[in-house]
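Below is one structure, written out as structure tokens; comments come after it.
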Amino acid sequence: MPHWKANSILYRLQFSTVCLLLCTGLVTSKLTLEEKKLILKKHNALRQRIMQCGLPGQPPVQGYLHDLVWHEGLASKAAERANKCVTQAQPNKQNSGSSFSSIGQILIGNKGISHAIDVWSNQYKKYDFATNSCKGSTCLGYLQMVRESTKYVGCAVHECTSNPHYKSKKVIVCNYGPNEYVAGQRPYRRGSKVNCRISSTVVKSVLITKEQRVRILKEHNELRQRLLQCNVSRQPPVKGKLPALMWHDGLAKKAAEWAKHCPVARDEPKRRRIRHFEVVGQNVANSVNLSS
66 MPHWKANSIL YRLQFSTVCL LLCTGLVTSK LTLEEKKLIL KKHNALRQRI
116 MQCGLPGQPP VQGYLHDLVW HEGLASKAAE RANKCVTQAQ PNKQNSGSSF
166 SSIGQILIGN KGISHAIDVW SNQYKKYDFA TNSCKGSTCL GYLQMVREST
216 KYVGCAVHEC TSNPHYKSKK VIVCNYGPNE YVAGQRPYRR GSKVNCRISS
266 TVVKSVLITK EQRVRILKEH NELRQRLLQC NVSRQPPVKG KLPALMWHDG
316 LAKKAAEWAK HCPVARDEPK RRRIRHFEVV GQNVANSVNL SS
């Protein structure tokens, strides 16, 4: 086959492939790393404000609002919806991915990511937690962002020049997992002021000194020795051995990640895991010092 014919066929194949992608709406607007960080930052800042009792008119949370983590699978699903330039969020039964039995979704035509998330965040001003209702308009964006069971988020942006509904020519879609917001349910369990976390700006370093590590090991091992010597009141003898504990930097680092949130309860077991440890125990105490 002549060289020019081969090039012509290759050109037509390449052109057809590009046309197919464009015409079927399969072109995904890839978010940059900075855009993903911005999305997480804005979502988690809102959730932290609730944790710190800093959102006017909204009560504290009884449990814990975890910082959301980016999920590429959710982002991919969001891109599928964004590329269609539709004006409604996708029904959950059509939106489920392999990783989640159900996922929530919010959609908006807007100028950009930052402004869109601000619109959703500010819906808290219209939400009445006591009556679980919105004043005048929807609060779905806010309710999905602060849902207690939500752990992951993935978003997509697409230019929509064909749909006159989007005057800004952009559609932003965010998916949340696991579970979607269900009408009639409050986004989280209501707590009291005792559940308010200390602001992250006043939390001191969670790193401990070498002297403190020595003291922690000493007090742990002294208790274990007392058990071996039958010297702990109302506790039975040990049948086997209680080896002396040793310090593990990996466990300490994981503990520090949880401590910086100023928690009042243990973290979820699966979130404590580190390499070489399938199961990790945890103690949490609120105190002025190690001794107390």
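Numbering (the working numbering), first residue to last: 66 to 357. Built from N, CA and C at the ideal position, the CB exists for glycine as well.
Three-way DSSP call (helix, strand, coil) for residue i in this model
{"i": "R299", "result": "coil"}
{"i": "V218", "result": "strand"}
{"i": "K70", "result": "Low per-residue confidence applies at K70: pLDDT is 44, beneath 50, and the placement is therefore not dependable enough to give any value."}
{"i": "Q113", "result": "helix"}
{"i": "R212", "result": "coil"}
{"i": "W19", "result": "Nothing can be reported for residue 19: it is not among the residues displayed for the chain, which extend from 66 to 357."}
{"i": "V126", "result": "strand"}
{"i": "S202", "result": "coil"}
{"i": "L172", "result": "strand"}
{"i": "G249", "result": "coil"}
{"i": "H341", "result": "coil"}
{"i": "G90", "result": "Annotation note: pLDDT 40 at G90 (below 50); position unreliable, coordinate value reported separately. Coil."}
{"i": "N240", "result": "strand"}
{"i": "H223", "result": "strand"}
{"i": "R255", "result": "strand"}
{"i": "K304", "result": "coil"}
{"i": "D193", "result": "strand"}
{"i": "V184", "result": "helix"}
{"i": "G279", "result": "The sequence shown places Val at residue 279, rather than the Gly named in the question. V279 falls in the helix class under three-state DSSP."}
{"i": "K235", "result": "strand"}
Of the listed residues the options, nearest to residue i (C-alpha basis)
{"i": "F98", "options": "A221, G169, I273, C225", "result": "The question names Phe, but residue 98 is Leu in the sequence shown. Cα-wise, what sits closest to L98 is A221."}
{"i": "Q170", "options": "S202, Y246, K216", "result": "Y246"}
{"i": "H341", "options": "K176, G315, K190, V349", "result": "G315"}
{"i": "K304", "options": "W312, M311, R289, H313", "result": "R289"}
{"i": "R181", "options": "A248, A324, C239, A350", "result": "Note on residue identity: the sequence assigns Ala, not Arg, to residue 181. Nearest of A248, A324, C239, A350 to A181, Cα basis: C239."}
{"i": "L111", "options": "G206, N348, L292", "result": "G206"}
{"i": "A248", "options": "E284, Y217, L208", "result": "L208"}
{"i": "F165", "options": "R337, C261, E137, G177", "result": "E137"}
{"i": "P328", "options": "H108, P252, D193, M116", "result": "M116"}
{"i": "Q127", "options": "L105, Y192, K216, K258", "result": "K258"}
{"i": "A330", "options": "R336, A350, I237", "result": "A350"}
Distance between beta carbons of residue j and residue i, contact taken as under 8 Å
{"i": "A309", "j": "N286", "result": "5 Å"}
{"i": "R255", "j": "P124", "result": "5 Å"}
{"i": "S214", "j": "L103", "result": "The pair is not a contact, with the Cβ atoms about 24 Å apart (cut-off 8 Å)."}
{"i": "L139", "j": "G242", "result": "6 Å"}
Residue i versus residue j: straight-line alpha-carbon distance, rounded
{"i": "G119", "j": "T274", "result": "32 Å"}
{"i": "Q250", "j": "C295", "result": "52 Å"}
{"i": "C150", "j": "S186", "result": "23 Å"}
{"i": "R146", "j": "S202", "result": "23 Å"}
{"i": "M311", "j": "Q277", "result": "14 Å"}
{"i": "C204", "j": "L293", "result": "59 Å"}
{"i": "R291", "j": "N348", "result": "20 Å"}
{"i": "I168", "j": "H313", "result": "37 Å"}
{"i": "R338", "j": "N148", "result": "38 Å"}
{"i": "K107", "j": "E284", "result": "42 Å"}
{"i": "C261", "j": "M210", "result": "19 Å"}
{"i": "V92", "j": "G346", "result": "Only weak support is given to the placement of V92: the predicted model assigns it a pLDDT of 43, under 50, and the value that follows is read from those uncertain coordinates. V92 and G346: Cα-Cα distance of roughly 46 Å."}
{"i": "G177", "j": "W323", "result": "33 Å"}
{"i": "D183", "j": "Y189", "result": "11 Å"}
{"i": "V218", "j": "K306", "result": "46 Å"}
{"i": "L282", "j": "R212", "result": "39 Å"}
{"i": "E224", "j": "V279", "result": "59 Å"}
{"i": "Y192", "j": "Q113", "result": "18 Å"}
{"i": "E343", "j": "K234", "result": "49 Å"}
{"i": "L362", "j": "K216", "result": "Any question about residue 362 goes unanswered here, given that the chain covers just 66 to 357."}
{"i": "L86", "j": "A144", "result": "Its pLDDT being 30, under 50, L86 is placed unreliably in this model, and the value from its coordinates should be taken loosely. The alpha-carbon atoms of L86 and A144 are separated by roughly 14 Å."}
{"i": "K95", "j": "N109", "result": "22 Å"}
{"i": "R336", "j": "Y253", "result": "20 Å"}
{"i": "I237", "j": "N244", "result": "20 Å"}
Proximity test, residue i beta-carbon vs the ligand GDP heavy atom, cut-off 7 Å
{"i": "G138", "result": "Among the ligands in the structure shown, none appear at all, so the ligand GDP cannot be discussed."}
Margin query: Whether or not the region 190-200 and the region 126-135 are in contact is what I'm after, with contact meaning three or more pairs of Cβ atoms, one per stretch, closer than 8 Å; do they touch?
Written below: no
Next item on the list: Check whether the region 96-113 touches the region 296-303, counting contact only when three or more Cβ pairs, one atom from each stretch, lie closer than 8 Å.
Entry: no
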